[in-house]
Each structure stands twice: as structure tokens, then as C-alpha cells.
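These notes are about the structure you will find just below.
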Amino acid sequence: MAQEDWPKRPIRIIVPQPPGGNLDLLVRAVSEGLRPVLGQPVVVENRAGGNSVIGLEACAQAAPDGSTFCAVNVEVMTTMPFIEPQLYQRFASIEPVTQLATSPSVVLASLEAPPGNLKDFIAWARGRKGLNYGSSGAGSTPNLLWEWIKKTEGIELEHVPYRGVADAIRELSAGRVQASYVGMAVAMPQIQAGRIRPLAVLGDRRLPDLPETPSMAELGYDFPYAGAWWGLAAPPGIDAGISTRLAAAVRQVVTDEEFRRRVLLPQYFHGVGNSPGEFKALIARDRSSGEALVRLTGVASKG
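For the sequence shown, our numbering gives the first residue as -19, with consecutive numbering after it.
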């Protein structure tokens, strides 16, 4: 389909995770905003499983006619190539379109842990047996973060992978795991309800919504990896003009002031909407740091 004719029919965005997580929340919001911009319905289809591989493989195999796209996150694009290369090859041909948004993330503990920050949690956990941390899957940022903490601090926690961040935060709130790490959009309702404790926020500064929670840098931790981000990709062979037009449409949506106030800010998202070329460059940069972190933590050798 020529770019000037696009789109002539409804657009499908495959979300390779269950409903309720950061990626799902973001894509659904942006999809609603895209409808009036593109003049076509934008339908979200959740196809979870296989650590996102099932949905992304479906995207890689779809016709490159501009009717199917898929949502991606930092993990599947930057660390999975080194942790599960055989699985990654099943969707490696998808083409980056645009980065949707970034979001701050929070290191968390269950109420079983005493009040305090990440250093306090580590002191409590040191020498204890039977502690677990939950993640959204092998190679996810929570998995890498906690393996990095274990390695640098010499504590023991067993990894419990779930199908998505919504499952991980639910199990943390129920006390079936003692620690996790998720985006603010998923964490804040549980923090505000008093069901979980924030230990630290990723980055070098505190967040206005968690003024009493220190940053990782403030506590002396230099976690060598990108923060959370999400984006869109397309089947291989898509017309470059279509990708450019979709990226521009996304940018129009996520930078709209009313959309930012109504949708993005309450969910702690910062809209981006960069070009396909800029998104590819970002992926390459973060993939380099992701590879170094995978090697440091040994996550790949643990399967």
C-alpha cells in the first residue's frame, strides 16, 4: 500500500502481554488518541505468552501492509537477544517505528519487610532464607535489577517469573513474593492503598509523588541500564513512509497538552513519539548496555 493511501482500513496493534500492565495501559490510551488523527479505528489485541514471543512473532509474520503493528518494551528489544537468542530470532525482523513513552520505575517490597529504603531491605534480607522476588519474566528489567542487587550486595532471593507486571504486582501485594520492581503506573495504586512499600526509584532524583523515597543514585547505586520505555514496531518490509506517518501521528497524540494532562501524567508516562531512525538509534544504545548487564549478572546462564 502506498503511504499516501494509508490507512484505508482499521489498524491492529498487538500487545504481547496480558491486560493491565504498563504496556497495555499505554497502548490502549494512545490507540484511542490515534483514531481521530488517522481516521480509522485502532484495535488493541492482547496476545500474551512465551515472554512476549507469541505476540511479537505474530507481528513478524503479518503482512507489511500497514494494518498490523505491535507494541514492544525495553526488555524484548535490548536484553532478550542475549538472554534467549533463539526466542528473539522468532521476531528479530520486526522494524522499529516509534518510541511511545518513558516512565519512572520503583523498587518495591511486600509488607513482610520492615519500613525503610532499599538499603534497609538489603540489611533485613541478608542471611534470611526463603525470600523471593517477582518479575515479568526472564530477562525483564526486574529480573536484571534484582540479580544485579544480589550480586553486588551478596543477598539471596529466588526469582519467580510471572506472565506480566500486573501478575507480579498482585503477588507482591498478596505477600507471596517479598520484592519486585515495576513502573509507577502499576505501583502507585498499591502503594497508596498501603499494600506494598516503595524502597527506591530508578535514576538520580526523587519523584514528586514519592517524596520520601530515595533514588537509587542517592543510595549509592549505579544501576547500568535504561529505564522503562515502550514503543511500536512493524512487520518486516513495511513501507518506510507508513512507519514515518505513524510515528508522526503518535507524536501528535502524545505531545497534545490535553492528552498529556488527561492520560499520560496520571499514569506517570512521558510521551516521546520519535522517528523510526531515532528509535533504532535508541535501541542500539540500550542494547549495548543491556548486553553488558546480562553478562555481569549471568542471567543468560540461568535460563
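Quick reminder that beta carbons are idealized off the backbone N, C-alpha and C, glycines included.
Query, Result
"7 angstroms Cβ shell around residue 92 - same chain, five flanking residues per side excluded", "155 and 158"
"Contact check, residue -2 vs residue 143, beta carbons under 8 angstroms", "yes"
"Whole-angstrom distance between residue 101 and residue 42, CA atom to CA atom", "46 angstroms"
"Whole-angstrom distance between residue 274 and residue 183, CA atom to CA atom", "19 angstroms"
"Span separating the alpha-carbon of residue 147 from that of residue 0", "9 angstroms"
"Cβ neighbours of residue 193 in the same chain (closer than 8 angstroms, five flanking residues each side left out)", "86, 97, 178, 179, 180, 181, 186 and 187"
"Endpoints, alpha helix (DSSP H) assigned at residue 121", "121 to 133"
"Touch test, the stretch 10 to 24 against the stretch 66 to 75, Cβ-Cβ under 8 angstroms, three pairs minimum", "no"
"DSSP-derived helix/strand/coil call for residue 32", "coil"
"Integer-rounded CB distance, given that residue 32 should sit under 8 angstroms from residue -4", "4 angstroms"
"Cβ neighbours of residue 8 in the same chain (closer than 7 angstroms, five flanking residues each side left out)", "24"
"For residue 15, three-class secondary structure by DSSP", "helix"
"CB-CB length for residue 36 against residue 230, believed under 8 angstroms", "The pair is not a contact, with the Cβ atoms about 19 angstroms apart (cut-off 8 angstroms)."
"Among 170, 271 and 45, the one whose alpha carbon lies nearest that of residue 219", "45"
"Proximity of residue 119 and residue 145 at Cβ, strictly below 8 angstroms", "no"
"Range covered by the alpha helix (DSSP H) that runs through residue 255", "Segment: none, residue 255 is in no alpha helix (DSSP H) and carries neither H nor E."
"Simplified DSSP assignment, three categories, for residue 354", "Because the chain in this structure spans residues -19 to 283, residue 354 falls outside the shown range and cannot be described."
"Neighbour-count burial assignment, residue 51, 16 or more Cβ in a 10 Å radius", "buried"
"Cα-Cα separation, residue 283 to residue 123", "Reliability fails at residue 283, whose pLDDT of 41 lies under 50, so the model's placement of it is uncertain and the value that follows must be treated cautiously. Each residue's alpha carbon lies about 12 angstroms from the other."
"Chain-order list of residues whose beta-carbon lies under 7 angstroms from that of residue 133 (same chain, five-residue window excluded)", "102"
"Coarse secondary structure for residue 162, derived from DSSP in three states", "strand"
"Per-residue burial, residue 83 [other beta carbons within 10 Å of its own, 16 or more giving buried]", "buried"
"Residue range of the unbroken alpha helix (DSSP H) whose run includes residue 226", "220 to 234"
"Cross-strand partners of residue 52 (DSSP beta bridge)", "211"
"Where the alpha helix (DSSP H) containing residue -8 begins and where it ends", "Note, residue -8: premise wrong, no alpha helix (DSSP H); beta strand (DSSP E) at -9 to -5."
"Residue 160 burial status per 10 Å Cβ neighbour count (16 or more: buried)", "buried"
"Exposure label - residue 173; buried when at least 16 CB within 10 Å", "exposed"
"Within 8 angstroms, strictly: CB atoms of residue 13 and residue 233", "yes"
"Backbone CA spacing between residue 238 and residue 248 [nearest angstrom]", "15 angstroms"
"Of the residues 4, 225 and 88, the one placed nearest residue 153, counting alpha carbons only", "88"
"Residue 191 vs residue 269 beta-carbon contact at 8 angstroms", "no"
"Residue 169 CB to nearest heavy atom of the ligand ADP below 7 angstroms", "Absent from the structure shown: the ligand ADP. Ligands present: none."
"First through last residue of the alpha helix (DSSP H) which encompasses residue 243", "It is not in any alpha helix (DSSP H) - residue 243 carries neither H nor E in the DSSP assignment."
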